[in-house]
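*Asks:*
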Amino acid sequence: MAGAEVGVPEAAEFRLESEDARPVQAARRVRVLLPLPFPEPFDYGAPAGLDLPPGSYVEVPLGPRRVFGVVWGEGDPAAPGAVPDAKLKPVLRRFDLPPMPEVSRRFVDWVAAYTMTAPGTVLRMAVSVSAALEGPRVLTGYRRAEGDPPDGFKLSPQRRRILDLLADGPPRPAAELAAEAGCTPAVVRAMADAGVLLPVPLRSGPRFAVPDGALPGPVLSPPQAAAAEALRETVAAGAYSATLLDGVTGSGKTEVYFEAVAAALRAGRQVLVLLPEIALSPQALDRFARRFGARPAEWHSDLPPPLRRNTWRAVASGEVRVVVGARSALFLPYPDLGLIVVDEEHEPAFKQEEGVIYHARDMAVARAHLGRIPIVLVSATPSLETLANAEAGRYGRIDLPDRHGGAELPEVTLIDLRRPDAAPPPRHWLSPVLRDALTETLAAGEQAMLFLNRRGYAPLTLCRACGHRLQCPNCTAWLVEHRLSRRLQCHHCGYTARLPDECPQCGAEGSFVACGPGVERVAEEVAELFPDARVAVLTSDTLLGPRAMQEMVDRVKAHEIDLLIGTQVMAKGHHFPLLTLVGVVDADLGLSGGDLRAGERTFQLLHQVAGRAGRESRPGRVFLQTHMPDTPVMRALAAHDRDAFLANEADARRQTEMPPYGRLAALIVSGEDERTVEQAALRLGRAAPHDRPELTVLGPAPAPLAILRGRHRRRLLLRGPKGLALQPIVADWLAAVEVPPGVRVQVDIDPYSFL
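Laid out in structure tokens, this is it:
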């Protein structure tokens, strides 16, 4: 669709063979959707004898290349612009896979229409591992032949070792046997030539264990049991429903929705559990394994390519029964999906901001509706969008207002940094009040957590001589000092550089000074205050991969660590019995910038962080350092009055007709040449639908990140009443403007971020 950004897949994903595919007489024509930004499928001929039902994964010619595609339906030779039969190119082959389910194809079309993206670009997400279309590589293994070796066959020590290895075990590949026997694979193959070993085919790739929905779960409290029964009923109904599972931190929401997962498994259906990528830790997967006797299949960006390929095929064949994954797991080709769970549904990480711009929570609801299956949205701090749907009766609602096992919510104290007796000493960041609380906690043999959602040592480095600030050359952002790695880094584009010896502005040597704290600087202060404490820093920079996170979690549970310092990677999903104190170094951090959801996001994040304290019998305490203790966010956090805060937030949004009580669509104009971008944005601004009184158009204006990854950016925002479909309006708007070469216009329906 004109104007909507689409991403062209890398050429490496295609088979670039140059064999000519000449037109042949076809029995019929089929429409094939290609994973490219074309507005509609192409017609191809289906050769006689090649069965091509809708959904078949096929290989077709496209110019000099061969590309994969999916049969989207029957072709119509009478359709406008249809290729004549004589020029129709044939489908080259069909991949040996079950067809893409009909509901998956409808979902691709629905997402494309909603996000104003070419259907082929959405298909590229649904078949993100094109190597999975090829069948698994057949490996050869060897087993021991019956009887004794033939006469004259000499048993060297290596050969004897190979026979011993295969005496009671399964067939094994030659390389594996040779490595253990201390010889070369040629020795194994020579034994096979002599008839001492027999070759057998081996399946490549892992087999996925089947979780057992019949295994008994833990004993639930009466409120948990009632909630679990309500969810089991939605699964048994076998129809679409959306349910909000709303429970305070520590109320046992996971064990409740596990009962719905068990019901779907007993019914023989597949299950998808969506988690924000940040929460995809081995701890969560191990918890699933303890409940169901097997780990679920994982789907996220850190999976190695061979495992992604095998997982995709296993989902398509129905072998995988449960997938726990990040937002992209929504597009896997489930043949029999029976339940979707979106855990931490409020998380901003569910919004994809590049390529196909979509919110996985909202698309998951659409997928459930298309498939006529239940979906459960889980959160301790539900988004206003989800609460509005529950209040309107579109979603059901189940509440768990109390912590499980009698644990109490932690006491929350606001530290007013404006008061002289509460302010930290110069060049320090922890208030005397928080220092004293840390001293008491560590003396009692308990654990503490300090939270600051800012990576690195300092967010800003400037020259004390002239005031020059070190800025990213590709983005409108300051470079963040990372003292542990001795580098400056941009957290938007990844640019890194070493700290210069002299100021590039005035030439002063050794004049740079760090301004403000990051977690590394807080750790420096903690080491000064508590030299005997065992401290660990948890950020995405220090924890490289899920396994590193699991090792850190295990160390905390084993009480090998006294004090954690970290960012939002440790804000949710972790249960530490001895952690009784949480200190938030800068509770005001998320409230700046004028973002529509700044207050809501800050409340959600700090509420989740506070929820790490006192989750068992020991009472918890939370200290929030703030310069704005009288804001609604801080008052609500201190009083544990989430509902009052959300009610005030909802009233403010309702009065301004902002989501969820109005609709928004954003246009982001970007390019490498600032003048061309500015002119294109102005033309879009003049062509905006100003003649419709129910619509408001804001902009064009520079985006808060006016330069990102070397591209200049301008934004326009369209606001309309709730219930109005903005996509046709935006399509007409874009069609009226010719976008110059080198300029890209992204369309973001229901924008979540305003950077």
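In this text, residue positions in the sequence shown follow the numbering used here: the first is -13, and each later residue adds one.
Backbone N, C-alpha and C fix where the C-beta goes; we use that ideal spot for every residue, glycine too.
Distance check for residue 690 and residue 457, CA to CA, integer angstroms please.
*Replies:* Those two C-alpha atoms are separated by around 15 Å.
*Asks:* Using the three-state DSSP reduction, which class does residue 168 fall into: helix, strand or coil?
*Replies:* Coil, per DSSP.
*Asks:* In whole angstroms, what separates the C-alpha of residue 500 from that of residue 433?
*Replies:* One C-alpha to the other measures close to 29 Å.
*Asks:* Ignore the nearest five residues each way along the sequence and tell me which others in residue 7's own chain have a CB closer than 7 Å to its CB.
*Replies:* Residue placement at residue 7 cannot be trusted, given a pLDDT of 49 that sits under 50; the coordinates are not used to answer.
*Asks:* Could you tell me which residues DSSP puts in a beta bridge with residue 693?
*Replies:* In the DSSP output, where bridge partners are listed per residue, residue 693 has 698.
*Asks:* Nearest by alpha-carbon distance to residue 275: which of 302, 249, 244 is it?
*Replies:* Here the closest residue by C-alpha is 244.
*Asks:* For the structure I just gave you, are there three or more beta carbon pairs, one from the segment 673 to 680 and one from the segment 701 to 716, closer than 8 Å?
*Replies:* Yes: at least three Cβ pairs fall under 8 Å.
*Asks:* Does DSSP classify residue 357 as helix, strand or coil?
*Replies:* Residue state, collapsed to three classes: helix.
*Asks:* Beta-carbon within less than 7 Å of residue 373's beta-carbon, same chain only, minus the 5 sequence neighbours each way: which residues are those?
*Replies:* Only 632 meet the Cβ criterion.
*Asks:* Any contact between the segment 474 to 494 and the segment 443 to 454? By contact I mean 3 or more CB pairs, one from each, below 8 Å.
*Replies:* The segment 474 to 494 vs the segment 443 to 454: in contact.
*Asks:* Would you mind reading off the limits of the alpha helix (DSSP H) that contains residue 58?
*Replies:* Residue 58 -> not in any alpha helix (DSSP H); beta strand (DSSP E) instead, spanning 51 to 60.
*Asks:* According to DSSP, simplified to helix, strand and coil, what is residue 464?
*Replies:* Three-state result, residue 464: strand.
*Asks:* So, are the CB atoms of residue 188 and residue 149 less than 7 Å apart?
*Replies:* Contact flag unset, no.
*Asks:* Expressed to the nearest angstrom, what Euclidean distance is found between the alpha-carbon atoms of residue 548 and residue 436?
*Replies:* Looking at the two C-alpha atoms, the distance is approximately 11 Å.
*Asks:* Quick one: what does DSSP say residue 269 is sitting in, helix, strand or coil?
*Replies:* In the structure shown, residue 269 sits in a helix (DSSP, three-state: H, G or I).
*Asks:* Give me the residue from 356, 720, 307 with the minimum Cα distance to residue 742.
*Replies:* Since the first and last residues shown for the chain are -13 and 741, residue 742 lies out of range.
*Asks:* Who are the near neighbours of residue 656 in its chain, counting only those whose CB is closer than 6 Å to its CB and skipping five residues on each side?
*Replies:* So the list reads 697, 699, 730, once near-sequence residues are dropped.
*Asks:* Who does residue 260 pair with in a DSSP beta bridge?
*Replies:* Partner(s): 311, 328.
*Asks:* For residue 629 and residue 385, I'd like the C-alpha separation in whole angstroms.
*Replies:* If you take the alpha carbons of residue 629 and residue 385, they lie about 13 Å apart.
*Asks:* Along the chain, where does the alpha helix (DSSP H) that runs through residue 457 open and close?
*Replies:* Segment: none, residue 457 is in no alpha helix (DSSP H) and carries neither H nor E.
*Asks:* Can you find the residues in the same chain that come closer than 6 Å, C-beta to C-beta, to residue 85, ignoring five residues on each side of it along the sequence?
*Replies:* Same-chain partners within the cutoff: 39, 41, 42.
*Asks:* Which same chain residues end up closer than 6 Å to residue 121 when comparing Cβ atoms and leaving out the 5 residues on each side of it in sequence?
*Replies:* Correct list, in chain order: 82.
*Asks:* What is the DSSP secondary structure of residue 372, counted as helix, strand or coil?
*Replies:* The answer is helix: DSSP assigns residue 372 an H, G or I state.
*Asks:* When DSSP labels each residue in this structure, what does residue 298 get in the three-state scheme?
*Replies:* Reduced to three states, the DSSP call for residue 298 is helix.
*Asks:* Run through DSSP, which three-state label would residue 413 get?
*Replies:* Coil.
*Asks:* Taking DSSP as the reference, what is the three-state secondary structure of residue 491?
*Replies:* Correct three-state label for residue 491: coil.
*Asks:* If you drop the 5 nearest sequence neighbours on each side, which residues of the same chain put their C-beta closer than 7 Å to that of residue 682?
*Replies:* Taken in chain order, the residues that qualify are 705.
*Asks:* Which two residues bound the contiguous beta strand (DSSP E) that contains residue 569?
*Replies:* 565 to 570 is the span of the beta strand (DSSP E), which, as asked, contains residue 569.
*Asks:* In the DSSP assignment, what residue or residues form a beta bridge with residue 19?
*Replies:* Looking at the DSSP assignment, residue 19 forms a beta bridge with 56.
*Asks:* What does the Cβ neighbour count give for residue 329, buried or exposed, with the cut at 16 atoms within 10 Å?
*Replies:* Looking at its Cβ environment, which holds 16 or more other Cβ atoms inside 10 Å, residue 329 is buried.
*Asks:* Under 7 Å between the Cβ atoms of residue 470 and residue 485?
*Replies:* Cβ distance not < 7 Å, so residue 470 and residue 485 don't count as in contact.
*Asks:* In whole angstroms, give me the CA-to-CA distance for residue 509 and residue 172.
*Replies:* Their Cα atoms are separated by approximately 56 Å.
*Asks:* Is the beta carbon of residue 565 closer than 7 Å to that of residue 587?
*Replies:* No. Outside cutoff.
*Asks:* Tell me which same chain residues have a C-beta within less than 6 Å of the C-beta of residue 305, skipping the five on either side of it?
*Replies:* Contacts found: 194.
*Asks:* Who are the near neighbours of residue 281 in its chain, counting only those whose CB is closer than 6 Å to its CB and skipping five residues on each side?
*Replies:* Excluding residues within five positions, the ones whose Cβ falls inside 6 Å are 271, 275.
*Asks:* Applying the criterion that 16 or more other CB atoms from any shown protein chain within 10 Å of the CB defines a buried residue, is residue 404 buried or exposed?
*Replies:* Exposed: under 16 other Cβ atoms inside 10 Å.
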